[in-house]
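Colleague:
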Amino acid sequence: MYCIQKYDKPNICIRWLKIIKLEGNKIYIPLENYEKQNKQQKTEEKLAIKTAKIFEKLNSKKIVLSKEIKKYERYTNILNTYELDIINGKWLFSILIPEITQYIEIKKELKPEETTIHILVNDFTEIAIENIKKLAKNHKHIAIISKNISKMKNIEEQILEETGAIITVMNNKKRSLAKAKIVINIDFPTELLKQYTLYEESIIIDLTQNIKIVKKRFNGIIITNYEISLKNKQIYKKEDELFFTRDLYEAEFYKNQPYKYVREKIKKDGIQIKNLYTKNQKL
286 MYCIQKYDKP
296 NICIRWLKII
306 KLEGNKIYIP
316 LENYEKQNKQ
326 QKTEEKLAIK
336 TAKIFEKLNS
346 KKIVLSKEIK
356 KYERYTNILN
366 TYELDIINGK
376 WLFSILIPEI
386 TQYIEIKKEL
396 KPEETTIHIL
406 VNDFTEIAIE
416 NIKKLAKNHK
426 HIAIISKNIS
436 KMKNIEEQIL
446 EETGAIITVM
456 NNKKRSLAKA
466 KIVINIDFPT
476 ELLKQYTLYE
486 ESIIIDLTQN
496 IKIVKKRFNG
506 IIITNYEISL
516 KNKQIYKKED
526 ELFFTRDLYE
536 AEFYKNQPYK
546 YVREKIKKDG
556 IQIKNLYTKN
566 QKL
């Protein structure tokens with residue numbers, strides 16, 4: 286894994302020649318802000334291409350970008366066109382659904398045993414299924430909204446056998462989400478979600494990080510990102526200000542590792558939700 290960040294105080298030579306420095310697992314980029322947009326775009330493009338060329342010679346393709354580097358959209362967009370594993374916390378977002386749900390319930394003073402969780406999902410991955418099982422154990426009811434109802438029926442029986450929880454599978458566009466207080470959107474795009482009548486005060490945990498709701502009566506909240514803290518680990522303390530802890534922690538995993546192993550490590554490391562974010566504010 287390599288961490289990409291800005292130079293603290295690059296000298297004139299570094300700035301002029303656009304010198305990128307590799308030091309251990311840190312890569313320092315001389316990104317700056319220019320008044321002229323054209324110059325800004327060209328500089329970011331040049332530095333992105335130079336960065337990609339460096340990774341052609343390195344064994345690891347896994348990258349964590351600092352908070353400052355993420356602000357340079359042209360630079361990050363070009364990096365994304367190369368075969369690099371740029372960590373953004375999205376995979377860990379899906380794993381931490383139980384913790385995120387609990388955080389919301391505490392904030393909104395909702396009792397799990399009295400709360401129905403509505404989950405929007407068409408692709409039943411291992412992570413999706415295991416999260417459903419975990420949520421089913423301590424909630425009043427789990428409602429699955431999906432076009433793949435027949436596929437979910439088999440999973441429904443499996444969950445009933447393992448947890449004793451009864452899950453409702455539905456796809457009624459007028460009724461399914463009409464009273465949904467907490468909605469977990471695993472993979473519904475905006476165009477599909479638009480077809481459903483949505484409770485105006487819904488809290489939506491959006492794993493796609495892309496949905497937009499423009500309905501006039503919608504006064505709910507769309508959670509698009511998060512940050513974590515580690516109760517039993519201090520290894521990221523120095524990087525806390527420069528990087529998102531969620532990104533650094535996600536980089537510790539291989540995304541094909543079993544759900545059970547990942548959950549055990551999360552428990553061992555004492556992962557807690559520190560903050561949840563909408564597109565414009567903190568929850």
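Quick note, the sequence shown lines up with residues 286 to 568 if you use the numbering used here. Cβ coordinates follow ideal geometry from the N, Cα and C atoms, glycine included. Note that this is a predicted model, so its numbers are computed, not measured.
#1: At what residues does the beta strand (DSSP E) containing Leu350 begin and finish?
#2: May I have the straight-line CA-CA distance separating Glu476 from Ile304, to the nearest angstrom?
#3: In angstroms, rounded to a whole number, what distance separates the CA positions of Gln326 and Lys335?
#4: If distances are taken between C-alpha atoms only, which option among Lys559, Glu447, Asn510, Asn439 comes closest to Asp491?
#5: Looking at the secondary structure, which residues open and close the alpha helix (DSSP H) in which Lys408 lies?
#6: If I'm right that Asn612 touches Glu485 with Cβ under 8 Å, what's the distance once you round it to whole angstroms?
#7: Thinking just about the alpha-carbon of each residue, which of Gly449, Tyr481, Phe409, Leu445 is nearest to the one in Arg460?
#8: Take Glu390 and list the residues in its own chain whose beta-carbon comes closer than 7 Å to its own, dropping the five residues that flank it on each side.
#9: DSSP beta-bridge partners for Met455?
#10: Using only the alpha-carbon positions, how far apart do Ser514 and Ile469 sit?
#11: According to DSSP, is Asn423 part of a helix, a strand, or is it coil?
#12: Kindly list the residues whose CB is nearer than 7 Å to the CB of Tyr388, restricted to its own chain and excluding five residues on each side of it in sequence; keep chain order.
#13: Going by the CB atoms, is the gap between Ile339 and Ile371 shorter than 8 Å?
Modeller: The relevant details are as follows:
#1: Leu350: member of the beta strand (DSSP E) spanning 347-350, first to last residue.
#2: Approximately 44 Å, taken between the alpha carbons.
#3: Going by the C-alpha atoms only, they are around 14 Å apart.
#4: Put simply, of Lys559, Glu447, Asn510, Asn439 the residue whose alpha carbon is nearest the alpha carbon of Asp491 is Asn510.
#5: The question names Lys, but residue 408 in the sequence shown is Asp. Element bounds for Asp408: n/a, residue is neither H nor E.
#6: No statement about residue 612 is possible, as the shown extent of the chain runs from 286 to 568 and does not include it.
#7: Here the closest residue by C-alpha is Tyr481.
#8: The answer, listed in chain order, is Pro397, Thr400.
#9: According to DSSP, Met455 bridges with Ile430.
#10: Rounded to whole angstroms, Ser514 to Ile469 spans 22 Å at the Cα level.
#11: Here DSSP, grouped into helix, strand and coil, assigns Asn423 to coil.
#12: Excluding residues up to 5 positions away in sequence, Ile558, Leu561 lie with their Cβ nearer than 7 Å to the Cβ of Tyr388 in the same chain.
#13: No, the Cβ-Cβ distance between Ile371 and Ile339 is not below 8 Å.
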